[in-house]
Amino acid sequence: MQTETIDVKNILGLQLPTDPRWVDLTSISLEAILTDHAYCEQKAATTCISLIQRYSEYEELVKELAPVVTEEWGHFRAVLAELAKRNLRWGKQRKDLYVNELLLFQKKGGHVDDRFLDELLTMALIEARSCERFKRLSEGLKDDYLRKFYRMFMESEAGHYTLFITLAEHYLPKPKVRKRWKEWLEYEKQLMNTMEIRGDRIH
Ligand SMILES: [Fe+2]
Ligand SMILES: [Fe+2]
């Protein structure tokens, strides 16, 4: 993938770019942002495992998500190693307001297809926003090593975002996926508008 061409609005579909002040805020405590990042990677891995377990009859999903689990766990280990290298401690898990608010938008009842679609689109959205945040870090951090470190994550999460959309379109009609994705993007835009900008959170 040509990472130079990743454009937040056109490719990821996100409606609101991250406030430019966020990168500066993350520089206040590397320990805090790396701690939150490590949990994000861990949750990405466990959510993929959960999808594989609950949708075990969906062969394509299982085949595609199995290696993502390994990749996300690798990301988790990479962040842990970064903390250790810098003599920083991996702190306790914090409340993930962004993800909690996204979960509120998921359909809880109705047809199984609608719930399945929302689960995939939630993951696509988290991957897209993570990708955008990592892009900001890869461009805005002062430390050259960390800029490269975050560029690696940015490239990887861009691939995941695409994968979740592709999986949704594999199992469900494209117009249905597109329509619901637009609703998700609109919801996320409003969420981003209301959320406090915090330097100790990836989202
Ligand atoms: Fe990741
Ligand atoms: Fe990911």
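8 is the number of the first residue of the sequence shown in the numbering used here; add one for each residue after it.
By construction, the Cβ of each residue, glycine as well, lies at the ideal position given by its N, Cα and C atoms.
With 16 as the cutoff for other CB atoms within 10 Å, does residue i come out buried or exposed?
i    : result
K142 : buried
A88  : exposed
S57  : exposed
L111 : exposed
I204 : exposed
E195 : buried
E190 : exposed
A175 : buried
A131 : buried
D43  : buried
M8   : Reliability of the predicted coordinates at M8 is poor, the pLDDT of 38 falling under 50, and the value obtained from them is presented with this limitation in mind. Exposed.
T25  : buried
Need the endpoints of the alpha helix (DSSP H) that residue i sits in, please.
i    : result
Y105 : 104 to 112
D121 : 119 to 147
R187 : 181 to 201
K155 : 151 to 178
Y46  : 37 to 61
R28  : 28 to 33
W80  : 66 to 92
Rounded to whole angstroms, how far is the Cβ of residue i from the Cβ of residue j, which I believe are closer than 8 Å?
i    : j    : result
S34  : L148 : 7 Å
H82  : R140 : Contact doesn't hold; Cβ gap of about 14 Å is too wide.
E134 : V86  : Actually they are not in contact, since the Cβ atoms of E134 and V86 sit about 16 Å apart, beyond 8 Å.
E164 : S137 : 5 Å
H177 : E67  : 6 Å
L234 : D125 : The question about residue 234 has no answer here: the residues shown for the chain are numbered 8 through 210.
When you compare the CB positions of residue i and residue j, do they come within less than 9 Å of one another, or not?
i    : j    : result
D207 : I40  : yes
A51  : E79  : yes
Q22  : E146 : no
E38  : L128 : no
V75  : C55  : yes
T202 : L104 : Correcting the residue type first, residue 202 is Met in the shown sequence and not Thr. The answer is yes: Cβ separation under 9 Å.
L144 : R154 : yes
Should residue i be listed as close to ligand 2, given that the test is whether its C-beta is under 8 Å from any heavy atom?
i    : result
A45  : no
V75  : yes
E134 : yes
H82  : yes
S163 : yes
Regarding residue i and ligand 3, is the C-beta to nearest heavy atom distance less than 8 Å?
i    : result
H167 : With respect to ligand 3, the structure shown offers nothing to examine, as its ligands consist of ligand 1 and ligand 2.
Counting only beta-carbon atoms, is residue i nearer than 9 Å to chain C?
i    : result
L144 : Absent from the structure is chain C; it holds one protein chain and no more.
Under 8 Å from any heavy atom of ligand 1, does the C-beta of residue i make it?
i    : result
E79  : yes
S137 : yes
A51  : yes
E48  : yes
F160 : yes
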